[in-house]
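Line by line, the protein sequences give chains A and B. Note that numbering that gives the first Met the number 0 numbers the first sequence so that position 92 is 91, with each residue one more than the last. Note that numbering that gives the first Met the number 0 numbers the second sequence so that position 26 is 25, with each residue one more than the last. Backbone N, C-alpha and C define an ideal beta-carbon position, used for all residues, glycine too. Down below is the structure, laid out as structure tokens.
Protein chains: 2
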Amino acid sequence: MSYPVFAVTVDLVVLTVREGGLHVLLVRRGIEPYQGKWALPGGFVLEDEDLGSAARRELAEETGLADAGGHLEQLASYGAPDRDPRGRVVTVAYLALLPDLPVPTAGTDAAEAEWRPVGELGLAFDHDRILADGIERARSKLEYTPLAAAFCPPEFTIAALRQVYEAVWGEAIDPRNFHRKATSTPGFVSPTGGSTEGGAGRPARLYRRGDAALLNPPLLRRRPGD
Amino acid sequence: MSYPVFAVTVDLVVLTVREGGLHVLLVRRGIEPYQGKWALPGGFVLEDEDLGSAARRELAEETGLADAGGHLEQLASYGAPDRDPRGRVVTVAYLALLPDLPVPTAGTDAAEAEWRPVGELGLAFDHDRILADGIERARSKLEYTPLAAAFCPPEFTIAALRQVYEAVWGEAIDPRNFHRKATSTPGFVSPTGGSTEGGAGRPARLYRRGDAALLNPPLLRRRPGD
DNA sequence: CCTTTTCTCGTCATCATGACGATAATCCTC
DNA sequence: GAGGATTATCGTCATGATGACGAGAAAAGG
Numbered sequence: 000m001s002y003p004v005f006a007v008t009v010d011l012v013v014l015t016v017r018e019g020g021l022h023v024l025l026v027r028r029g030i031e032p033y034q035g036k037w038a039l040p041g042g043f044v045l046e047d048e049d050l051g052s053a054a055r056r057e058l059a060e061e062t063g064l065a066d067a068g069g070h071l072e073q074l075a076s077y078g079a080p081d082r083d084p085r086g087r088v089v090t091v092a093y094l095a096l097l098p099d100l101p102v103p104t105a106g107t108d109a110a111e112a113e114w115r116p117v118g119e120l121g122l123a124f125d126h127d128r129i130l131a132d133g134i135e136r137a138r139s140k141l142e143y144t145p146l147a148a149a150f151c152p153p154e155f156t157i158a159a160l161r162q163v164y165e166a167v168w169g170e171a172i173d174p175r176n177f178h179r180k181a182t183s184t185p186g187f188v189s190p191t192g193g194s195t196e197g198g199a200g201r202p203a204r205l206y207r208r209g210d211a212a213l214l215n216p217p218l219l220r221r222r223p224g225d
Numbered sequence: 000m001s002y003p004v005f006a007v008t009v010d011l012v013v014l015t016v017r018e019g020g021l022h023v024l025l026v027r028r029g030i031e032p033y034q035g036k037w038a039l040p041g042g043f044v045l046e047d048e049d050l051g052s053a054a055r056r057e058l059a060e061e062t063g064l065a066d067a068g069g070h071l072e073q074l075a076s077y078g079a080p081d082r083d084p085r086g087r088v089v090t091v092a093y094l095a096l097l098p099d100l101p102v103p104t105a106g107t108d109a110a111e112a113e114w115r116p117v118g119e120l121g122l123a124f125d126h127d128r129i130l131a132d133g134i135e136r137a138r139s140k141l142e143y144t145p146l147a148a149a150f151c152p153p154e155f156t157i158a159a160l161r162q163v164y165e166a167v168w169g170e171a172i173d174p175r176n177f178h179r180k181a182t183s184t185p186g187f188v189s190p191t192g193g194s195t196e197g198g199a200g201r202p203a204r205l206y207r208r209g210d211a212a213l214l215n216p217p218l219l220r221r222r223p224g225d
């Protein structure tokens, strides 16, 4: 039986929270098509390589970081016949959530990788859509999982965790209610015993990510139209 | 630049509720590899065909039904290097939820398509995993969306909807509390005005699927370990 | 007419949440 | 060092959602 052949790529939606807003890692394309445009980092899946392995490899190459406590999961696949003018290319998109770390550019593929605020449009290929899907996935996952901690360093305060929610959801959250929710939901966070020092205001206790896979009950954002 | 080439297939996890239990549409493989084994229906993505179009085409071919009010969504992609002994094949799995309809076998590809209870293992390729992912997706979607109605005919009773939840989640639900929840959650169901007749017990009002994309608040299943 | 079955509506205690007051513990400024 | 600013943490209260369960309504079948 004969069948069409495809190239298969992985594209990465790498999100972080910095300066109070959600940012995505983008690269400027050096070659046609879409030369000079911003695009999601990504690349071809190699022979003998699993999809997840390819995503982890690309993430390491683009960020120059050995997986620093973040989170990586498959997002969705995109394969419109005309999505790449060079031919039939199916891309498997992955979503990565990382703490705010500088992107090293020396000695990596990430010649022009940069954190950009989400919301800019005009990315190459169908990357606008992929990015939008990734952001919606991240927003939704924060409701039902403790994954907000993937945006934080290994130890963090409740306030830092709340600021992640506020940045990703784009809405303000009452600090007192959030504190109650975060500390009372089993497996959300676990105290380290330590505290912050040197900042403004009362020192805050430090927490690590909890061991729950799911928040129960979830932490639902306010839906538009209620 | 050179890169590996892949075949791309779509595989379908087609679920329905019948006889009080969750069933999946399986086909018996007629050729090697895995000849004689049960497998998910699926096939190659054609030249000039979008992934979603391929899934809809396969669904129509396998069930012989023009999309009968069900639901179809992308599930995930699977591309382990050794998942198909014939070579590098990436499959994009789709999840379909259908009302319980007979599977016509005449004049279709579905030479041996059958509804099988979920839970049997030993499917071809990595289809055990794909099926498990599809079931978990369906269970989860029932919590946050009105999609349970996709398992029902266009008009249905609250009891029928409840039985969908009980079959998919595998747990009993209090009919009175479920009735309150279904009728009071905005956009979950909308009454048609009609009623059942001829059955045992008091006639039940008929409903259609509501127009909400999300249930708010959601209808959470009891989590193990609470 | 009575029983059985199933649907529908109500009640009540409990829990989660949103709104917000109050106190605690630090830093900064004078 | 006194007082204010800032942030963290704890508490209170009204409201809404939920689980458990009682009870009436509307049919079928003897």
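- Under the Cβ distance rule, N176/B does not count among the residues neighbouring chain A, no pair being separated by less than 8 Å.
- Taking one beta carbon from each stretch, the region 16-29 of chain B and the region 50-57 of chain A have fewer than 3 pairs nearer than 8 Å; the two do not touch.
- Under the 8 Å criterion on CB atoms, D47/A is classed as interfacial with respect to chain B.
- Within its own chain, the residues whose Cβ lies closer than 6 Å to the Cβ of A123/B, once the five positions on either side in sequence are excluded, are R28, Y33, K36 and A38, listed in chain order.
- Annotation: A211/B to S76/B spans about 28 Å, alpha carbon to alpha carbon.
- Annotation for P152/B: P98 place their beta carbon closer than 7 Å to its own, counting only its chain and skipping 5 residues before and after.
- Listed along chain B, the residues sitting closer than 8 Å to V7/A by beta-carbon distance are P3, F5, V7, G78 and V89.
- In this model, R208/A and Y93/B are separated by some 33 Å (Cα to Cα).
- With contacts defined by Cβ atoms closer than 8 Å, V16/B and F150/B form a contacting pair.
- P101/B is classed as exposed because its beta carbon has fewer than 16 other beta carbons within 10 Å across all chains shown.
- The secondary-structure analysis by DSSP pairs F187/B with nothing; it has no beta-bridge partner.
- The C-beta distance from V117/A to H22/A rounds to 7 Å, short enough to fall under 8 Å.
- Contact of Q162/A with chain B is not assigned, every C-beta pair being separated by 8 Å or more.
- Chain B has a Cβ within less than 8 Å of the Cβ of F43/A.
- Unbroken alpha helix (DSSP H) stretches of 4 residues or longer found wholly inside the region 135-219 of chain B: 157-168 and 174-183, given in chain order.
- In the DSSP assignment, L24/B falls within the beta strand (DSSP E) that extends over G20 to R27.
- Counting along the chain, G51/B sits inside no beta strand (DSSP E); it lies in the alpha helix (DSSP H) bounded by residues L50 to T62.
- Considering only I30/B, E57/B, H70/B and G133/B, the residue with the shortest C-alpha distance to R85/B is I30/B.
- In this structure, A203/A and T195/A form a Cβ contact; the two beta carbons are roughly 5 Å apart against a cut-off of 8 Å.
- Going by C-alpha positions, V163/A is about 19 Å away from D132/A.
- In this structure, A95/B sits near L58/B, with a CB-CB distance shorter than 8 Å.
- Close CB contacts of Y143/B within its chain, under the 7 Å cut and outside five residues either way in sequence, are with L213, L214 and P217 (chain order).
- Sixteen is the threshold: since fewer than 16 other Cβ atoms of the shown chains lie within 10 Å of the Cβ of R221/B, the residue is exposed.
- Within chain B, not a single residue places a beta-carbon under 8 Å from that of L71/A; the smallest gap is close to 14 Å.
- Here A131/A carries a helix assignment [DSSP, helix/strand/coil].
- For R222/A, the C-beta contacts it makes with chain B under 8 Å involve L213 and N215, in order along the chain.
- Of all alpha-carbon atoms in I129/A, P174/A, R115/A and L71/A, the one lying nearest the alpha-carbon of T156/A is that of P174/A.
- Going by DSSP, Y33/B is part of no beta strand (DSSP E) at all; its letter is neither H nor E.
- Beta-bridge partners of F5/B (DSSP): F5/A.
- Following the DSSP letters along the chain, one finds V89/B inside the beta strand (DSSP E) bounded by residues V88 to L96.
- With distances taken between CA atoms, L71/B lies nearest to K140/B out of H178/B, G186/B and K140/B.
- Counting the other Cβ atoms within 10 Å of the Cβ of P185/A gives fewer than 16, which makes it exposed.
- The Cβ-Cβ distance between T8/B and T90/B falls below 8 Å.
- Of the residues V188/A, P80/A, I134/A and E111/A, the one whose Cα lies closest to the Cα of D49/B is P80/A.
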